[in-house]
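Asker:
In the working numbering, the protein residues as written are 21 to 158.
1. Rounded to a whole number of angstroms, what is the C-alpha to C-alpha distance between residue 14 and residue 95?
2. Would you mind reading off the limits of the beta strand (DSSP E) that contains residue 124?
3. So who's on the other strand from residue 138, going by DSSP bridges?
4. Identify the continuous beta strand (DSSP E) that holds residue 26 and give its terminal residues.
5. If I measure Cβ to Cβ from residue 47 and keep anything under 6 Å in the same chain, skipping five residues before and after, which residues do I get?
6. Three or more beta-carbon pairs under 8 Å between the stretch 131-143 and the stretch 64-71, yes or no?
7. Restricting to Cα atoms, I'd like to know which of 37, 66, 87 and 98 is closest to residue 77.
8. Do residue 44 and residue 23 have their C-beta atoms closer together than 8 Å?
Here you go:
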């Protein structure tokens with residue numbers, strides 16, 4: 021088995037989704053592996069990874085609207101507010117959406133569906149620098 025690992029650093033502008041499909045595909049191509057699995061992992065507890073519709077930004081906007089209602093900032097039930105009223109909601113959002121994705125690799129690329137894209141979802145309102153590790157196994 022061959023393993024290739026790459027690191028992606030991304031500066032966010034605050035809450036929202038950030039397309040990283042091209043950067044993940046580049047890491048897979050750099051691995052030289054034709055078949056296998058690609059694992060994508062975010063090293064943070066207030067950002068997550070999603071595999072989402074990539075044609076209409078309305079889908080990601082609607083997801084944000086849904087999560088704003090499901091996990092609102094400033095909810096008085098939360099005790100953990102060390103970094104502000106969006107601190108605990110960011111952790112909840114991250115747990116609900118996840119920190120890792122596994123994608124099949126075929127013909128040297130992530131074998132994504134026609135409308136699928138890989139996104140980092142920043143759950144904090146303030147800008148952050150996020151680190152993502154891409155590990156390709158083949």
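Glycine is no exception: its CB is placed at the ideal position from the N, C-alpha and C atoms.
Answerer: For this structure:
1. What the structure shows of the chain is the stretch from 21 to 158, and residue 14 is not part of that stretch, so it cannot be assessed.
2. 120-126
3. 71
4. 23-31
5. 26 and 154
6. yes
7. Per the C-alpha coordinates, the member of 37, 66, 87 and 98 positioned closest to residue 77 is 37.
8. no
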